[in-house]
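Taken in order, these protein sequences are the chains called C and Y. Per the working numbering, the very first residue in the first sequence carries number 25; after that it's consecutive. Per the working numbering, the very first residue in the second sequence carries number 25; after that it's consecutive. For each residue, glycine too, the CB sits at the ideal point set by N, CA and C. Accompanying notes for the structure given below.
There are 2 protein chains.
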Amino acid sequence: MSQCAHRRVAVPSLRAAHLAAIVPLLLWLTACGGAPESATDESGLPARIRADAATLREAALRSDVGYETLARLCDEHGHRLSGSERLERAIDWMAGELRSMGFQNVRKEPVQVPVWIRGDESLTLLEPMELEVPMLGLGMSVGTPSGGLTGEVVVVEDFDELEALSVSDVSGRIVLFDAPYRGYGRTVPYRTQGAIAAAQRGAVAALVRSIGPPGLRTPHTGTMRYRDDTPRIPAAAIATEDSDMIARLADSGNRVVVRLQMSARNEPDGLSHNLVAEVVGRETPEEVVVIGGHLDSWDVGTGAQDDGVGCLIAVDAARLMLETGLIPRRTVRIVLWTNEENGLRGARAYRDAHTDELDRHVAAIESDSGNGLVQGFRFDFRPAVMGFDSAEDGGEAFEAGRDRMMAVTRDIADLLATTGADSVFAAGSGADVGPLAARGVPALGLHHDTSEYFVIHHTEADTFDKIDLTDMQKNTAAMAVMAYVLAEMEGTLRP
Amino acid sequence: MSQCAHRRVAVPSLRAAHLAAIVPLLLWLTACGGAPESATDESGLPARIRADAATLREAALRSDVGYETLARLCDEHGHRLSGSERLERAIDWMAGELRSMGFQNVRKEPVQVPVWIRGDESLTLLEPMELEVPMLGLGMSVGTPSGGLTGEVVVVEDFDELEALSVSDVSGRIVLFDAPYRGYGRTVPYRTQGAIAAAQRGAVAALVRSIGPPGLRTPHTGTMRYRDDTPRIPAAAIATEDSDMIARLADSGNRVVVRLQMSARNEPDGLSHNLVAEVVGRETPEEVVVIGGHLDSWDVGTGAQDDGVGCLIAVDAARLMLETGLIPRRTVRIVLWTNEENGLRGARAYRDAHTDELDRHVAAIESDSGNGLVQGFRFDFRPAVMGFDSAEDGGEAFEAGRDRMMAVTRDIADLLATTGADSVFAAGSGADVGPLAARGVPALGLHHDTSEYFVIHHTEADTFDKIDLTDMQKNTAAMAVMAYVLAEMEGTLRP
Numbered sequence: 025m026s027q028c029a030h031r032r033v034a035v036p037s038l039r040a041a042h043l044a045a046i047v048p049l050l051l052w053l054t055a056c057g058g059a060p061e062s063a064t065d066e067s068g069l070p071a072r073i074r075a076d077a078a079t080l081r082e083a084a085l086r087s088d089v090g091y092e093t094l095a096r097l098c099d100e101h102g103h104r105l106s107g108s109e110r111l112e113r114a115i116d117w118m119a120g121e122l123r124s125m126g127f128q129n130v131r132k133e134p135v136q137v138p139v140w141i142r143g144d145e146s147l148t149l150l151e152p153m154e155l156e157v158p159m160l161g162l163g164m165s166v167g168t169p170s171g172g173l174t175g176e177v178v179v180v181e182d183f184d185e186l187e188a189l190s191v192s193d194v195s196g197r198i199v200l201f202d203a204p205y206r207g208y209g210r211t212v213p214y215r216t217q218g219a220i221a222a223a224q225r226g227a228v229a230a231l232v233r234s235i236g237p238p239g240l241r242t243p244h245t246g247t248m249r250y251r252d253d254t255p256r257i258p259a260a261a262i263a264t265e266d267s268d269m270i271a272r273l274a275d276s277g278n279r280v281v282v283r284l285q286m287s288a289r290n291e292p293d294g295l296s297h298n299l300v301a302e303v304v305g306r307e308t309p310e311e312v313v314v315i316g317g318h319l320d321s322w323d324v325g326t327g328a329q330d331d332g333v334g335c336l337i338a339v340d341a342a343r344l345m346l347e348t349g350l351i352p353r354r355t356v357r358i359v360l361w362t363n364e365e366n367g368l369r370g371a372r373a374y375r376d377a378h379t380d381e382l383d384r385h386v387a388a389i390e391s392d393s394g395n396g397l398v399q400g401f402r403f404d405f406r407p408a409v410m411g412f413d414s415a416e417d418g419g420e421a422f423e424a425g426r427d428r429m430m431a432v433t434r435d436i437a438d439l440l441a442t443t444g445a446d447s448v449f450a451a452g453s454g455a456d457v458g459p460l461a462a463r464g465v466p467a468l469g470l471h472h473d474t475s476e477y478f479v480i481h482h483t484e485a486d487t488f489d490k491i492d493l494t495d496m497q498k499n500t501a502a503m504a505v506m507a508y509v510l511a512e513m514e515g516t517l518r519p
Numbered sequence: 025m026s027q028c029a030h031r032r033v034a035v036p037s038l039r040a041a042h043l044a045a046i047v048p049l050l051l052w053l054t055a056c057g058g059a060p061e062s063a064t065d066e067s068g069l070p071a072r073i074r075a076d077a078a079t080l081r082e083a084a085l086r087s088d089v090g091y092e093t094l095a096r097l098c099d100e101h102g103h104r105l106s107g108s109e110r111l112e113r114a115i116d117w118m119a120g121e122l123r124s125m126g127f128q129n130v131r132k133e134p135v136q137v138p139v140w141i142r143g144d145e146s147l148t149l150l151e152p153m154e155l156e157v158p159m160l161g162l163g164m165s166v167g168t169p170s171g172g173l174t175g176e177v178v179v180v181e182d183f184d185e186l187e188a189l190s191v192s193d194v195s196g197r198i199v200l201f202d203a204p205y206r207g208y209g210r211t212v213p214y215r216t217q218g219a220i221a222a223a224q225r226g227a228v229a230a231l232v233r234s235i236g237p238p239g240l241r242t243p244h245t246g247t248m249r250y251r252d253d254t255p256r257i258p259a260a261a262i263a264t265e266d267s268d269m270i271a272r273l274a275d276s277g278n279r280v281v282v283r284l285q286m287s288a289r290n291e292p293d294g295l296s297h298n299l300v301a302e303v304v305g306r307e308t309p310e311e312v313v314v315i316g317g318h319l320d321s322w323d324v325g326t327g328a329q330d331d332g333v334g335c336l337i338a339v340d341a342a343r344l345m346l347e348t349g350l351i352p353r354r355t356v357r358i359v360l361w362t363n364e365e366n367g368l369r370g371a372r373a374y375r376d377a378h379t380d381e382l383d384r385h386v387a388a389i390e391s392d393s394g395n396g397l398v399q400g401f402r403f404d405f406r407p408a409v410m411g412f413d414s415a416e417d418g419g420e421a422f423e424a425g426r427d428r429m430m431a432v433t434r435d436i437a438d439l440l441a442t443t444g445a446d447s448v449f450a451a452g453s454g455a456d457v458g459p460l461a462a463r464g465v466p467a468l469g470l471h472h473d474t475s476e477y478f479v480i481h482h483t484e485a486d487t488f489d490k491i492d493l494t495d496m497q498k499n500t501a502a503m504a505v506m507a508y509v510l511a512e513m514e515g516t517l518r519p
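Dropping the structure here:
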């Protein structure tokens, strides 16, 4: 076991001390005697921390507390759209569970959230034949007039194809964005911004091919946006199968006419809550490692993988510290955010309510991409961590800071090599920790296999049975080890 | 190429000639010089027939006519429950397609069919929380009173567990058959007979875990039965996920209450049709090889794999005989049956309308298990083929007749070895050819990989996109070769 210890160099003004900011990395590397890529055997972590981490890891691999609690969350509370009473009931129930588990400072922090109500909805193909088409209105969409909107469908594959049409080609019609799925990030703009683009061409409604791989005629909902300078037209998702079918019909010269009926509506903001609980640090409780997920979900399925499981991964990771008596020197704070899905108000409210202590947030870790086999961590090291406005401002100092975060994160992830969670990517963290990252908090996300995730994402199929216990235990082990070591080690991820 | 020729021995009275019935097999085996298992290279088929079969096989592997016609059937006509106007419109459209393809004697044969109408339906979990549960009423089920039926759920895994309950445990409640899927044949009795068993114990409704592997919260419909001496209670299927959830809730001591609402109703029988078309035989047109599938479907999805694809496999197989000019000596008759799903009235009506010529039906081949990779043929050789009431009556003669059918079928299937369709199983044929088999017609079914079939079977996901062109071409090649050779070879499958 290496005797390498963490060193920190105080840097009163980071902006004025680009070179000084490189020092911690150099010290870390020198003390540890290895490049970050090969630091496996010469870790900078003391033997005691490594042993504690192993204890937590093995306890996580045996625990079914998170799994069983998730079953009750999903089965007894169902889906949990923010702005609904359902979510508030689930938050209250979860607060009771957290108290029963022995956490301290269990509290709800108020958040004003949008209130969107789906209401009745349907899509009926009228020409060339009558057929009910499975659909899900997009979150935040306005409804149609009662009785619905009837219109001919104009099929486009992408925004360019829509742009190439004249307003008279589109005006009064319904645009279907039949965009092939090319990964979530690349394809989701058709869902978020399709209604804007369609309205700009005069369309009366927008339909979107569901953002995900083909399922079993399974539409995927999700949030969408409007612009103040563009008419607000209703928008809904249809399954890949029906998008294919309508495209085939149009391609073969059929006039395709549908009736879209949605009684969706947006109401004034309502009161929701972030739920917070702590393992209070034994030496410097004012320093905080945040871990969590979002307790709200879409109003379909039961929000098991998105993101009930992320919440329970964080909860059980922290609970295992209580169970094993491994209370770290810093506070580990569970935050179960509200309104991730349609507003991110919970994440912003947490940031605003805790502005005064953000410089004592040593890290924030989120799990919000399901429960696939954990492969390691993604991290999000922004210029703000070092007091810069941009990476260019930071120059080499920024690069050095990021390299150090990579090196330290890899050293910790190496403790998870037996579960395969030892890869680290500089590739983003999570939506709810994003506002913290933007204010200078080093942010991480669990990195999972997501090959099954986007088949189920935002569909009725997001239910508890999709959660594999062994995968959840490995995810919990990864969260527990990363959170514990960051809360216990001498230095932090900050330069 | 072997010069082995087919031999037939006329057997005036089969019942009186058990030994004589063995002769054809012995002749076939002697002439071919091999046991049926190893007859690959010493086929009893003349070189010309083998060459014709190869021509048809290769033409099928290039054809997309069946595939494109299936797309139009599904996309422009949708699902096709028998008793509906939708099916009759699809039959009329298909009749026009068959005439355009050049078939002779295209005609509709009337069939009286049940008329079942699904109507509105819903299932709502009320306790321990409120949640809409995806469901599909079972075909032929009665509806609930308007406003629905509310009751506590009693969960059982099998009929024995239900039998072990007292009437007072079940009376006034709703039974959920949460029977794990152990293959279609073993599990489907819970769907077909669950309502009877539940009603016998005093239940007011029956819910059934969908008969199939887990999908994406996808309920599977299908037919069910009542008994005259038992109250007719409504019955519906729920997805495996929700069956799991309700079982978990009940196991953990929750009282589970649901409201089932179904406006399903059975109306007086209506008029439907079998659709028939022919490639008239060039020498003995009165001898017939029937090939087909059923054009009706459940009222969900668009009936692509069950059984639109079976219909188009048969249609394109026969069309390729017209296209290549390979008109066999006997007639190849396409039959697209109606009402396979909820009554089998089409199959019985065909049998009754053609009673006088059934002894000149040399074979009947159905494709009704989807479009998975074709592996060969299943066959159904019943005692009636040889004039016996049972296999015991037939004794060794029956065994010999069946062995001969196996040997001949294998010789023909060997012509499909390059597409992998050269396996033959004595394992049943198809529902629609069953009534013909019972009257003495040698019956076959295409044998496919069904590993994906039962995920989609009777669900909203049974849509055209699930059909793979290459697989369909291979299935069509198998149907074309088997039908052509049986219609062209000197002997038949009958002893």
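Can you give me the Cβ contacts of C98/C inside the same chain, cut-off strictly under 8 angstroms, excluding the 5 residues immediately before and after it? T326, G327, A328, G332, T487 and F488
Under the three-state DSSP convention, the category R434/C falls into: helix
Buried or exposed by the 16-neighbour rule on C-beta atoms within 10 Å, applied to A501/C: buried
Residues near A511/C by beta carbon distance below 6 angstroms, same chain, minus five either side: V313, P352, R354 and V356
Can you tell me the Cβ-Cβ gap for G102/C and L155/Y, rounded? I've got them flagged as a contact below 8 angstroms. 4 angstroms
R241/C at chain Y interface by Cβ criterion, 9 angstroms: yes
Bridge partner(s) assigned by DSSP for R131/C: V300/C
Any C-beta of chain A under 9 angstroms from that of G163/C: Although the question refers to chain A, the structure presented lacks it and instead comprises the protein chains C and Y.
With contact counted as at least three CB pairs below 8 angstroms, one residue from each stretch, are the region 271 to 286 of chain Y and the region 171 to 186 of chain Y in contact? yes
Meets three-Cβ-pair contact criterion under 8 angstroms: the region 447 to 458 of chain Y and the region 387 to 405 of chain Y: yes
Ends of the beta strand (DSSP E) at R233/Y? A229 to R233
Does E416/Y come out as helix, strand or coil in the three-state DSSP assignment? helix
Given that a residue counts as buried once 16 or more other Cβ atoms are within 10 Å of its Cβ, and exposed if not, what is L295/Y? exposed
If you run the structure through DSSP and keep just helix, strand and coil, what is E121/C? helix
Kindly list, in the order they appear in chain Y, the residues whose Cβ is closer than 8 angstroms to that of H482/C. Those within 8 angstroms of H482/C in chain Y number zero; the least Cβ separation is about 12 angstroms.
For D268/Y, return the contacting residues in chain C, with the cut-off set at a CB-CB distance below 7 angstroms. D489
Short of 7 angstroms in beta carbon distance, which residues of its chain neighbour I480/Y, apart from the five on each side in sequence? Order them along the chain. Q329, D486 and K490
So the alpha helix (DSSP H) R81/Y belongs to, where does it begin and stop? A71 to R86
Hey, could you find the ends of the beta strand (DSSP E) H385/C is sitting in? H385 to E390
Let me check one thing: in DSSP terms, what residues is I115/Y bridge-paired to? Beta-bridge pairing links I115/Y to no other residue.
Flag D144/C as yes if its beta-carbon sits less than 9 angstroms from any beta-carbon of chain Y, otherwise no. no
Closer than 8 angstroms by C-beta to R81/Y: which residues in its own chain qualify, once you throw out the five before and the five after it? Chain order, please. L439, L440, T442, T443, A501, A504 and V505
Can you pull the chain Y residues whose beta carbon is under 8 angstroms from the beta carbon of D116/C, in chain order? Here the premise fails: no neighbours, minimum Cβ distance about 13 angstroms.
Below 8 angstroms on the Cβ atoms is my contact criterion, and I expect L273/Y with P152/Y to pass it. Report the Cβ-Cβ distance as a whole number of Å. 6 angstroms
So, using beta-carbon positions, are H297/Y and E112/Y closer together than 9 angstroms? yes
For P459/C versus V409/C, is the C-beta distance shorter than 9 angstroms? no
Grab me the residues of T348/C's own chain with a C-beta within less than 7 angstroms of its C-beta, minus the 5 sequence neighbours each way, in chain order. T79, L80 and A83
Should the region 371 to 386 of chain Y be called in touch with the region 118 to 137 of chain Y, which here means at least 3 C-beta pairs below 8 angstroms? yes
A388/C and L360/C closer than 9 angstroms at C-beta: no
Got a sec: which bits of the region 85 to 117 of chain Y sit with their beta carbon under 7 angstroms from any beta carbon on chain C, in order along the chain? A95, D99, E100, H101 and G102
Secondary structure at M423/C, three-state DSSP: helix, strand or coil? The amino acid at residue 423/C is misidentified as Met; the sequence shows Glu. E423/C: helix per DSSP, three-state reduction.
Is S453/C buried or exposed, if buried means 16 or more other CB atoms sit within 10 Å of its CB? buried
How many Å lie between C335/Y and H471/Y at the Cα? 15 angstroms
Runs of 3 residues minimum, wholly inside the region 200 to 272 of chain C: which ones carry the beta strand (DSSP E) assignment? 229 to 233 and 259 to 262
When the cut-off is 9 angstroms and only beta carbons count, does R32/C lie next to chain Y? In this prediction, R32/C scores a pLDDT of 34, lower than 50, which makes its location untrustworthy; the coordinate-derived value is nonetheless stated afterwards. It does not: the Cβ of R32/C has no partner Cβ on chain Y nearer than 9 angstroms.
Where R272/Y meets chain C, residues with beta-carbon distance less than 7 angstroms: A95 and D99
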